[in-house]
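Notes follow the structure.
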Amino acid sequence: MSQSILIEAFLIHLHKTASALKGLASRDEHPTSIPTDCLHGRMLFRSEGRVRIAGIFDCVCFFSQPFNIETVAKKLRHIGVITPGDDSPGMNAAIYGICKAASSNQMKVSGVKKGFHGLVHGELTPLTPEYAQKRIHMGGTFLKTSMLEIDDESTREKALKVMKENEIDALIAIGGIGTFEKLASYAQWCPIPIVGIPGTIDNDLEGTDFTIGFDTAVNTAVQNIDKIRDTAESHNRVFIVEVMGSDSGYLSIHSGLGVGADSILIPESKEDLSLLINKIAKYDSDEPFIVVVSEGDEIGLEPVAAKIKEVNPGIDLRVTKLGHVQRGGSPSARDRMLGIRLGVGAVKGLLRGKKNGMIGLKYNQHSWTTFDKIVKQRRVNEELEGLLKLFFDGSILEVVKEGILLSPSKLTFENNGVLNPGVYQDGDDIHIFYRAVEDGNFSTIGYAKMNGPTHVVERHNRPLIGRDFEYEKHGVEDARVVKIEETYYMTYTAYDGVNAMGALAISKDLKHWEKKGIITPPVNYKEYKYNLECCNQQLLNPKYHYYYYLFSDIGMMDNDRILVRDKDIVLFPRKIDGKFVMLHRLWPGIQIVKFDNWEDLTKDFWTAYLRDLTSHIVLDPLYGFEVNYVGAGCPPIETEDGWLIIYHGVCETTIGKTYHAAAALLDRHKPEQVIARLRQPLFSPTEKWELEGVVNYVVFPTGSAIFGKELYIFYGAADKHTAIARLNINDLLKELRKQI
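Just so it is clear: in the sequence shown, position 383 is 381 by my numbering, and no numbers are missing.
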C-alpha cells in the first residue's frame, strides 16, 4: 500500500468523522464527531498501515513500510513457535491461531519444546491446526517451558544452528517481560525474523492493553478470594491475600475491586499502607475484612501482617498466598479469543515483513511495538490509581453536589437552557451572569443574585446583555467576571452563527456594560496554519494540527472570513507584574497571554504570539479523563500555594464525549508554570441533571465563591441547568500539594 493511498484513506476517514460539524451550533463545546480513536495525540486507523503525514500525525497501525506480500510469503515456509519463561492460560489458543493462519498461507509450523532449552537442543515437533485445536481449553502451554537463558554466545549460536538446520524462516515467541528482555538482546544479531506475543498474567507489558492469561488469572483470584470471604464472614476475621502481578498492580487492583476488598496494596502507591492502617485501627470485628496485596508491593506480606497486629492486636488475622494457582486452570473465553487474535496477527505481521517486535491490541485493534520499547514494565495508569482513591479514601476530597440552582423558565429568552454562569462574589452577595438559551440556540446573558451560597433572592425576567452586534448575532455566551482595580471585566464567547470568538465588556456597577469587541486572534485558518507551522514542532502537541485539519476538512480554511475558534476566555482577578493576564483556549489546550493594554491585542500581536504558541501553553491534555481537550473554567483563585484554577477536561467514551471538572495550581508570580495538577477529575457527571439534558454527560465549571473554608463551584449541567458543587478548599490544596 503506497503512502498516497494511506493519505487518501486518512482524508476520507477524517471527512466522515467531521461531517457532523457542518452547521455547528455554538453550544457545541467540541466537534460532535471526533473519532473515538483519537487519543493521546494519535489517530488510529481501521486499515492496516503506518505513515507519518506531513510530520504531524503518528498514524498507529500494523505495518510501517510498503510491501509485496507475495515476495514476503515466498520467503516464509516454516514458522517456529516457542513459549519460554512463565506460562499463562491462553497460550495454547495463541498457538492455535498461529497454526491456523500459517496453514491458510501454506506454511509449516513447528513447536519448540521446553522453551529456549528446546531451541538450543533441537527439540522440535510439527504442529497442525487440528492438533492445537484440541488443546485450546488447556491451561499453561502444551509446548512446556524452561528457564534456560540464551544470553551467551554459545547458546545463541546453537539456537541459530537449530533453526537453520530445520529451515525455520521465522520465530514466534509467546511470553512476558523476561521473554522480551531476552528476545530484545537475541534479535540484535539473529538474522531470522522474530515476533513476540504478550503472554503473562501480570499485564505489565507496554504495547498492548491486555496480555494473554491476565483475565483468567483475575477470575481465578476472584473465585478464590470469594471463598476466603466465606470463611472470614463466619469468623469475623481479617484476611490478607497476596496475589501475583510482579511489580505491577494490575492484577491486584482488578481482583481486589472485583471481590469488594476493604484495602488494596500495590507497588505503584506510596499511600495505600497508611490508608489501610487508618482503617484497620478502627476495625471492630463486626464484619470480615479483606486486604489484597500485590506480590510486588514494596512493604511485603509479612510486614503488612505485623503492622496490622501492631495497631490492632485484638483482631483475628490470617494470611494467604494464592501463588501459582493463578497461573493454572482452563483459560477464560476472553483469553482464548485474545490468544487467537494475537496468534493470527503475528503471522500476518511476518507476512508483511515485520520483525523484532510484539503484536498487541491497543483500543481493540492490532498494534506493533518494537522490542526495545517493551523491556520497561508498564505500571498502573492514572485511571486505576484514581479508582483506588475513590474506593479506599485515598483522596481526602469530598465533593458535595448541592443540586440545581437555576433551570429554564417559560420566558422566551431562557426556555431552552440556563447554564455556564459567570460569578462575582461581593461579601455574602453573589452576582450570577448566566447563559440564557432560547429556541433556535440563540443565547443572551441573564442575571440572578444570591445571598449566601445557595439562596437566590433576585432573578431578572429579561436579558441583562443581549446580542447587539454582527459578531454576536447568534449568541452571547459563557461569561466570566472579575474585578481589577475599580473596573469589572466580563469576558464571553461571541457567536455569529459560524465564528466563536472571545469578546470583552466592562462595567463600573455590574449593571451597565460597555462592549469592547473581539479580543481573541482575528486570524483565519490559513493564517493560523502558517503561524502554527512556525512553532517548535517538537514541543507542540500533534492535536493542535489535528483540530486544524478537522476544521479545514469541512471547508473552514477555504473561507477567509472564518476565524480560528478561540473560547473559554478567563481573566486573572488582578494584574501580574503590571500586566493583564488571560487564559484562553485554542484546541486542544489552555494558553496564557499577558499584555499591558487591551488596545495591544492587534492582529500583529496575535500573529507573533501564535508563531511562538508553545511558549504560551499552560495545560494540554494529559490524563485519560481529559484526553480530547481541556478548557479554562472559573477565574483563578489566588492562594498561598499558587493560583488555583478549576478547568474542564473532555474525553471520548463508548457513550460519547464526557465533560469533567478538574483542578490545577499555577505559580503565583509566573502563572504560565504549572505547579501541580490533579490526576483524576475533581468531579464528573453522575447525577441525572448532569447526565441528561441538551448535551448529555456534561459538568462545565465557570464560576466560584468562597464561604469560610468551603469552595462553591458553579457549573453548567448537561447544557441545560446551572448547578452547584462544594468542597473544602484546604483539602483541595492539600491534595494538590501531594502532586508537587
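Don't be surprised by glycine CBs; every beta carbon is placed ideally from N, CA and C.
Asked                                                                                                                                                                                : Found
Along the chain, where does the alpha helix (DSSP H) containing I175 start, and where does it finish?                                                                                : I175 to Y184
Here's a check: name, in chain order, each residue in its chain whose Cβ is nearer than 6 angstroms to the Cβ of H748, leaving out the five neighbours to either side.               : Any answer about residue 748 is impossible in this case: the structure gives the chain only from -1 up to 738.
Starting from M499, trace the beta strand (DSSP E) both ways and give me its first and last residue.                                                                                 : A498 to S505
Please confirm whether I172 and G211 have their CB atoms less than 7 angstroms apart.                                                                                                : no
How is P29 classed by DSSP in three states: helix, strand or coil?                                                                                                                   : Because P29 sits at a pLDDT of 36, beneath the cut-off of 50, its placement in the model cannot be relied upon, and the following sentence gives the value as read from the coordinates. It is coil, neither helix nor strand.
Going by beta-carbon coordinates alone, are D167 and D333 separated by less than 7 angstroms?                                                                                        : no
So is W641 buried or exposed if we call it buried at 16+ other beta carbons inside 10 Å?                                                                                             : buried
Ignore the nearest five residues each way along the sequence and tell me which others in D566's own chain have a CB closer than 6 angstroms to its CB.                               : R583, G629 and A630
Using CA atoms only, rank isn't needed, just tell me which of R316, K527 and R133 is closest to I226.                                                                                : R316
If you drop the 5 nearest sequence neighbours on each side, which residues of the same chain put their C-beta closer than 6 angstroms to that of H614?                               : Q589 and I590
Please identify the residue among G243, R377 and K352 whose C-alpha is closest to the C-alpha of H322.                                                                               : G243
Hey, how far is the Cα of Y490 from the Cα of N418?                                                                                                                                  : 11 angstroms
Could you name each continuous alpha helix (DSSP H) segment of 4 residues or more that falls completely within the stretch 242 to 303, going from the start of the chain to the end? : 248 to 256 and 270 to 279
Figure out for me which residue from I443, D427 and D426 has the closest Cα to the Cα of A434.                                                                                       : I443
Can we count P329 as close to the ligand NAD, meaning its CB is less than 6 angstroms from some heavy atom?                                                                          : As far as ligands go, the structure on display features none, and thus does not contain the ligand NAD.
With respect to the alpha helix (DSSP H) encompassing S152, which residues constitute its N-terminal and C-terminal limits?                                                          : E151 to E163
When the Cα of E293 is compared with those of K180, R465, N310 and V239, which residue comes out closest?                                                                            : V239
For Y432 versus T206, is the C-beta distance shorter than 7 angstroms?                                                                                                               : no
Taking DSSP as the reference, what is the three-state secondary structure of K577?                                                                                                   : strand
Going along the chain, which residues of its own chain have a beta-carbon closer than 6 angstroms to the beta-carbon of G39, five neighbours each way excluded?                      : Unreliable positioning characterises G39 in this predicted model, as indicated by a pLDDT of 32, which lies under 50. A coordinate reading is not provided.
Report all residues from its chain with a CB closer than 7 angstroms to the CB of C97; omit the five preceding and five following residues, and keep chain order.                    : V107, L125, T126, P127 and A130
Just to confirm before moving on: does the CB-CB distance between Q104 and T218 stay below 7 angstroms?                                                                              : no
Closest by CA to Y580, which one among R457, L502 and L537?                                                                                                                          : The sequence as given places Met at residue 580; Tyr does not occur at that position. Checking every option, the nearest Cα to that of M580 belongs to L502.
So, are the CB atoms of L569 and V480 less than 7 angstroms apart?                                                                                                                   : yes
Tell me, please, which residues DSSP counts as bridged to R750.                                                                                                                      : With the chain represented from -1 up to 738, any question about residue 750 goes unanswered, as that position is not in the structure.
Can you tell which of T123, D556 and G587 has the C-alpha that lies nearest to the C-alpha of Y544?                                                                                  : G587
Using the Cβ count rule (16 or more neighbours within 10 Å means buried), how would you classify W511?                                                                               : buried
Could you give the distance in angstroms between the alpha-carbon of L22 and the alpha-carbon of G438?                                                                               : Caution is warranted here: a pLDDT of 35 is assigned to L22, below 50, making its placement in the model unreliable, and no coordinate value can be reported.
Can you tell me where the beta strand (DSSP E) with W366 in it begins and where it stops?                                                                                            : Q363 to T368
How is C97 classed by DSSP in three states: helix, strand or coil?                                                                                                                   : helix
Let me confirm a value: C532 is counted as buried when at least 16 other C-beta atoms fall within 10 Å, else exposed. Which label applies?                                           : exposed
Once you ignore the five residues that flank Y422 on each side, which residues in its own chain have a CB closer than 6 angstroms to its CB?                                         : H429 and V479
Residue range of the alpha helix (DSSP H) that E690 falls in?                                                                                                                        : That residue, E690, is in no alpha helix (DSSP H); it is neither H nor E in DSSP.
G576: buried (16+ other C-beta within 10 angstroms of its C-beta) or exposed?                                                                                                        : exposed
Considering Cα atoms alone, identify which of V110, T229 and G194 is closest to A157.                                                                                                : V110
Please return the same chain residues whose Cβ sits closer than 6 angstroms to the Cβ of L141, not counting the five positions on each side in sequence.                             : T81, G109 and K111
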